[in-house]
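Read in order, the letters of the sequence shown are residues 0 to 85 in numbering that gives the first Met the number 0.
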Amino acid sequence: MKTFEEYHQENPEIWKQFEKTTLLAISKGFKHYSARSIFEIIRWHRGGNLKSDGFKINNNYTADYARLFISEHSQHANFFETRKRP
């Protein structure tokens with residue numbers, strides 16, 4: 000399996016869609032949301048081609064995208080609930 004960094008570099012459009020969809024949810028008044036739900040919105044409503052791993056978006060990286068969003072948009076640090084990594 001690829002690292003998140005490799006996957007992210009190979010699929011920059013996923014980050015753009017994740018960020019855009021999350022900011023839209025925030026603009027609609029949501030205070031908390033599920034990163035997995037953001038992935039589902041992207042997968043089913045935004046379309047996209049299959050990636051080299053056979054998926055439109057690989058769920059293995061959901062938490063990584065949530066953490067990237069929090070890192071890039073610290074004012075929304077509590078929007079996604081994250082667990083501590085071992």
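Don't be surprised by glycine CBs; every beta carbon is placed ideally from N, CA and C.
Just to check my reading of the structure: residue i and residue j have Cβ atoms closer than 8 Å, yes? What is that Cβ distance to the nearest angstrom?
i, j, result
"Ile41", "Ile56", "6 Å"
Can you check which of these residues, the options, is closest to residue i by C-alpha distance?
i, options, result
"Asn77", "His31, Lys1, Asn10", "His31"
"Gly28", "Thr81, His75, Glu80", "His75"
"Arg66", "Phe17, Leu23, Trp43", "Phe17"
In whole angstroms, give me the CA-to-CA distance for residue i and residue j.
i, j, result
"Ser70", "Ile37", "17 Å"
"Lys83", "Tyr60", "15 Å"
"Pro11", "Lys1", "15 Å"
"Glu15", "Pro85", "Checking the displayed sequence, the identity of residue 15 turns out to be Lys instead of Glu. Their backbone Cα atoms lie some 28 Å apart in a straight line."
"Phe68", "Phe3", "14 Å"
"Gln8", "Tyr64", "12 Å"
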